[in-house]
Amino acid sequence: MNLAGTGFEIRPAERPDAAEIAAVLRRSITELCGADHNNDPKRLASWLRNKTEETALGWIDGPGSVLVADSPENHPRLLGVGMGLPEGEIVLNYVDPGARYQGVSKALMRALECYFIKIGVTRVRLRSTFTAERFYRSMGYVQSDIPIDPADRASAIFEKDLHP
Ligand SMILES: CC(C)(COP(=O)(O)OP(=O)(O)OC[C@H]1O[C@@H](n2cnc3c(N)ncnc32)[C@H](O)[C@@H]1OP(=O)(O)O)[C@@H](O)C(=O)NCCC(=O)NCCS
Numbered sequence: 283m284n285l286a287g288t289g290f291e292i293r294p295a296e297r298p299d300a301a302e303i304a305a306v307l308r309r310s311i312t313e314l315c316g317a318d319h320n321n322d323p324k325r326l327a328s329w330l331r332n333k334t335e336e337t338a339l340g341w342i343d344g345p346g347s348v349l350v351a352d353s354p355e356n357h358p359r360l361l362g363v364g365m366g367l368p369e370g371e372i373v374l375n376y377v378d379p380g381a382r383y384q385g386v387s388k389a390l391m392r393a394l395e396c397y398f399i400k401i402g403v404t405r406v407r408l409r410s411t412f413t414a415e416r417f418y419r420s421m422g423y424v425q426s427d428i429p430i431d432p433a434d435r436a437s438a439i440f441e442k443d444l445h446p
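For the sequence shown, the numbering used here gives the first residue as 283, with consecutive numbering after it.
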């Protein structure tokens, strides 16, 4: 998906992207999600534990759709990462701190929604961070549940019906 005027395109991730994907996730979580981890080293470490090149390779090779916002003019090139599972769950949506509020997450979410519609999924769910709750509401997601574990870093489950 080419987004004229935005300076980036949304495309499927490829194996050579894996290291950069992990780096974007780590920066986004560390720098933007302070409201969720409160800069608590233990919570942050547990959140970052699987954000590695190796894990990203597994995601890329797996059954889901891993999408990246790619800006050829930017160094490093990747501005954001999103991932959807075929059962209708969005499990990643992270923007690089340097590209915040430039439409990256919105573009990733729209592309993931297109992916779901293409594979026949019409109801999508995700676990939102505190950080992104307002964003998901503005994209039409509605809170459907509260976390079972109060210590869980994700604040709540959000869902949305997609209309093909
Ligand atoms: C909140 C966040 C998800 C928004 O994504 P983004 O790529 O920075 O922002 P986008 O430009 O795509 O999104 C636009 C929306 O963000 C919000 N937004 C935009 N500019 C904003 C600003 N200056 N201040 C606060 N919110 C703003 C609005 O809701 C806006 O929607 P609108 O354009 O309909 O008004 C992102 O900044 C963030 O903090 N990500 C951290 C990672 C995370 O928590 N991911 C979710 C995992 S479940």
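Heads up, the beta-carbon is just placed ideally off N, CA and C, and yes, glycines get one too.
Model, not experiment: these values are computed from the prediction.
Identity of the residues DSSP links to residue i by a beta bridge
| i | result |
| --- | --- |
| LEU408 | ILE372 and PHE440 |
| ASP427 | ILE439 |
| VAL386 | DSSP output for VAL386 lists no bridge partner at all. |
| GLU336 | None; GLU336 has no bridge partner. |
Cβ neighbour criterion (16 or more within 10 Å) applied to residue i
| i | result |
| --- | --- |
| ASP299 | buried |
| ALA327 | exposed |
| TYR418 | buried |
| GLU395 | buried |
| ASN332 | exposed |
| SER426 | exposed |
| ASP318 | buried |
| ILE401 | exposed |
| ASN375 | buried |
| GLU302 | buried |
| ASP378 | buried |
| VAL424 | exposed |
| LYS442 | buried |
Beta-carbon proximity check, residue i vs residue j, cutoff 8 Å
| i | j | result |
| --- | --- | --- |
| SER437 | SER410 | yes |
| SER389 | ALA351 | Correcting the residue type first, residue 389 is Ala in the shown sequence and not Ser. Their beta carbons are under 8 Å apart, which means ALA389 touches ALA351 by this criterion. |
| VAL406 | GLY380 | no |
| GLY366 | PHE398 | yes |
Residue i CB to nearest heavy atom of ligand 1 below 7 Å
| i | result |
| --- | --- |
| CYS315 | yes |
| GLY385 | yes |
| THR404 | no |
| ALA300 | no |
| TYR423 | no |
| LYS400 | no |
| LYS333 | no |
| ALA278 | The structure shown has nothing for residue 278, since the chain only spans 283 to 446. |
| VAL363 | no |
8 Å Cβ cutoff, residue i in contact with chain C
| i | result |
| --- | --- |
| PRO298 | The displayed structure is made up of one protein chain only, and chain C is not part of it. |
Cβ-Cβ separation, residue j to residue i (assumed contact under 8 Å), whole Å
| i | j | result |
| --- | --- | --- |
| LEU339 | ILE311 | Not really, about 19 Å apart at Cβ, beyond 8 Å. |
| LEU314 | ARG382 | 7 Å |
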